[in-house]
Amino acid sequence: MKTLRRNFLKIAAVAVLGWGVRPASQLLASSGGESSEGLLFASRHKVHAGPNALKASRWAMVIDTAKLNEKVMEDIVHTCHSIHNVPSIPGNQNIKWIWETHMDHLFLEDLHEYQPEAGAKSALALCNHCDNPPCVRVCPTKATFQREDGIVMMDFHRCIGCRYCMAGCPYGSRSFNFMDPRKHLETTNPDFPTRTKGVVEKCEFCAERLAEGKMPACVEVSEGALAFGDLADPESEVRKLLAERFSIRRSPTLGTKPCVYYLV
Amino acid sequence: MYDKNKILIGLAVFVVFMTYPFWNNIGSAAYQRPEIEKPKNAKECVESVEFMRSEHMAMLNDWRDEVVRDGVHEYHSTANHQVFQKSLTKTCIKCHENKDQFCDKCHATVSVNPYCWDCHVDPKGEKK
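Protein sequence lines correspond, in order, to chains W and P. Taking the numbering used here, the leading residue of the first sequence gets 1, the next gets one more, and so forth. Taking the numbering used here, the leading residue of the second sequence gets 1, the next gets one more, and so forth.
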């Protein structure tokens, strides 16, 4: 059969288009089931939990503001910061993973000045491990990523310190290392790395403890004020608390779907 | 040939310059692998000595990505079929106790500067 030049060019053009479709669709998004990462859309990392690890479909935390007092909050902050080698730096370059703050700073939209006197004046703030995390979306190196169980993780090795995530996070949950943090550490826990200058850090829901089958350190020392569990399991402690009591989240109208709930 | 002398002088300078590393090292001692401190409480590493010597950097990079990004903490050794935790501080440093006498000795000799210990904590580390 004699092939016309016109027909040949037509077929070649269609073939090129066809070849282009699959790689392009792979680049744009990768499914959460594979460990490959999409180029444009955030993908969720599968967690290969070990035999001893605590597992969940969606980790979440419930904070009972009524049970928090000065001492408990201080204990929680101290425990978290000491096991994770978080330094205490005077001035506005401090680093925080979990910290005490005023209720009206936590809940910009939900509170007013005529709240009951007896109500909690302050509570703990930490990374909300959002279901739709803006920090993950803006990170240019994928140093921040989301696991399938919802934990928003930091890969400190990959962080280039551009601080997009800090601009993206509406909760101020992220801190930047303006200087070598080791100079401000009194003691270091050798089982957890410190960070280095030029890296952003935040709470990781104690992913390293969950892998060993332990609850997050803050929950352990909270004397019942903090509950942690699987949001997808109706029998879990967090779901029972949320079903019984009235709870609010920080700035839910932003659409980040935070997974730290506050009982008020 | 025009400018014969200039070209020859230029060529001579070029050859001398290019071969400088070779004749500069004539007579100096050959490279010797530094004597590193071997662990006292263990006979075998997670893999064979040859593998560890040539591949430890690639393996540690893989460990890093697998632990942080995929949550895979266990390493199944192909040498002795044991399971190890993928961790500098919980596995490597437990046997190779002295970083100065183990890691740093070779790295200093071959003039590489890995930044592992900028963040990871050497339990016996010097307080800066």
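The beta carbon of each residue, even a glycine, is placed where N, CA and C say it ideally should be.
Taking C-alpha atoms, which residue in the options lies nearest to residue i?
| i | options | result |
| --- | --- | --- |
| V260 of chain W | W:E223, W:E235 and W:V219 | W:V219 |
| A167 of chain W | W:L210, W:C139 and W:E186 | W:C139 |
| V199 of chain W | W:A207, W:R174 and W:N189 | W:R174 |
| A227 of chain W | W:D233, W:E237 and W:V221 | W:E237 |
| N189 of chain W | W:V86, W:Y114, W:Q115 and W:G224 | W:V86 |
| D118 of chain P | W:H129, W:R195 and W:K183 | W:R195 |
| S251 of chain W | W:C169, W:G224 and W:A66 | W:C169 |
| M57 of chain P | P:V72, P:K43 and P:C92 | P:C92 |
| V136 of chain W | W:A123, W:G150 and W:A125 | W:G150 |
| S54 of chain P | P:H107, P:V121, P:C95 and P:D122 | P:H107 |
| T78 of chain P | P:W23, P:F51, P:E66 and P:I9 | P:F51 |
| P267 of chain W | W:G119, W:R6 and W:I89 | Coverage of chain W is limited to positions 1 through 264, which leaves residue 267 of chain W absent and any answer about it impossible. |
| R249 of chain W | W:L68, W:H184, W:V264 and W:R209 | W:V264 |
| E70 of chain W | W:L124, W:R163, W:R239 and W:I11 | W:L124 |
| A60 of chain W | W:D230, W:P193 and W:L242 | W:D230 |
| E35 of chain P | P:P123, P:F102 and P:H120 | P:F102 |
| N98 of chain P | P:K124, P:S111 and P:E74 | P:K124 |
Tell me whether residue i sits in a helix, a strand or coil according to DSSP, three-state version.
| i | result |
| --- | --- |
| L126 of chain W | strand |
| G91 of chain W | coil |
| S54 of chain P | helix |
| M179 of chain W | coil |
| R44 of chain W | strand |
| F145 of chain W | strand |
| I160 of chain W | coil |
| T101 of chain W | strand |
| I63 of chain W | strand |
| H184 of chain W | helix |
| I248 of chain W | strand |
| V14 of chain W | helix |
| V112 of chain P | coil |
| V86 of chain W | coil |
| V200 of chain W | strand |
Let's see if you can read the secondary structure: which residues bound the alpha helix (DSSP H) around residue i?
| i | result |
| --- | --- |
| G168 of chain W | Y164 to G168 |
| I9 of chain P | K4 to M18 |
| L241 of chain W | E237 to E244 |
| L111 of chain W | Neither: L111 of chain W is in no alpha helix (DSSP H) and is coded neither H nor E. |
| H107 of chain P | C103 to T109 |
| V83 of chain P | Not the alpha helix (DSSP H): V83 of chain P falls in the beta strand (DSSP E), residues V83 to Q85. |
| I74 of chain W | One detail in the question is off: residue 74 of chain W reads as Glu in this sequence, not Ile. Element bounds for E74 of chain W: E70 to I83. |
| E223 of chain W | Element bounds for E223 of chain W: n/a, residue is neither H nor E. |
| C206 of chain W | From DSSP, C206 of chain W is part of no alpha helix (DSSP H); its letter is neither H nor E. |
| D122 of chain P | It is not in any alpha helix (DSSP H) - D122 of chain P carries neither H nor E in the DSSP assignment. |
Does any residue of chain P bring its CB to less than 8 Å from the CB of residue i?
| i | result |
| --- | --- |
| R285 of chain W | With chain W running from 1 to 264 in the structure shown, residue 285 of chain W is simply not present. |
| D104 of chain W | no |
| P87 of chain W | no |
| D191 of chain W | yes |
| S30 of chain W | Legend: pLDDT at S30 of chain W = 49, less than 50; position of this residue unreliable, no value from coordinates given. |
| A227 of chain W | no |
| T188 of chain W | yes |
| R245 of chain W | no |
| S35 of chain W | Because S35 of chain W sits at a pLDDT of 43, beneath the cut-off of 50, its placement in the model cannot be relied upon, and the point is left open. |
| R58 of chain W | no |
| V16 of chain W | no |
| T196 of chain W | yes |
| V200 of chain W | no |
| A49 of chain W | yes |
| H129 of chain W | no |
| H157 of chain W | yes |
How far does the beta strand (DSSP E) with residue i in it reach, from first residue to last?
| i | result |
| --- | --- |
| V152 of chain W | V152 to M154 |
| E227 of chain W | The sequence shown places Ala at residue 227 of chain W, rather than the Glu named in the question. Start and end: L226 to D230. |
| E212 of chain W | Note, E212 of chain W: premise wrong, no beta strand (DSSP E); not H, not E. |
| V136 of chain W | From DSSP, V136 of chain W is part of no beta strand (DSSP E) but of the alpha helix (DSSP H) over P134 to V138. |
| Y31 of chain P | That residue, Y31 of chain P, is in no beta strand (DSSP E); it is neither H nor E in DSSP. |
| E74 of chain P | E74 to H76 |
| L263 of chain W | V260 to L263 |
Check whether the Cβ of residue i lies closer than 7 Å to any heavy atom of the ligand COA, and answer yes or no.
| i | result |
| --- | --- |
| H96 of chain P | Absence of the ligand COA from the depicted structure is noted, as is the absence of any ligand whatsoever, leaving it without description. |
Between residue i and chain W, is there a C-beta pair that is closer than 8 Å?
| i | result |
| --- | --- |
| P39 of chain P | no |
| P21 of chain P | no |
| P34 of chain P | no |
| K128 of chain P | Unreliable positioning characterises K128 of chain P in this predicted model, as indicated by a pLDDT of 43, which lies under 50. The coordinate reading is nonetheless provided below. Yes - at least one Cβ of chain W is within 8 Å of the one on K128 of chain P. |
| N5 of chain P | no |
Using Cβ-Cβ distances below 8 Å, what residues of the segment 136-155 of chain W are close to chain P?
F145, R147, M153 and D155
Determine which residues of the segment 98-121 of chain P have a Cβ less than 8 Å from any Cβ of chain W, and write them out in chain order.
Y115, D118, C119, H120 and V121
What residues from the segment 74-96 of chain P come within 9 Å of chain W, judged by C-beta to C-beta, listed N to C?
E74, S87, L88, T89, K90 and I93
Using a Cβ-Cβ cutoff of 7 Å, what residues of the segment 42-71 of chain P are near chain W? List them in chain order.
R64, V68, R69, D70 and G71
Along the segment 58-87 of chain W, what residues have a CB closer than 9 Å to any CB found in chain P?
N85
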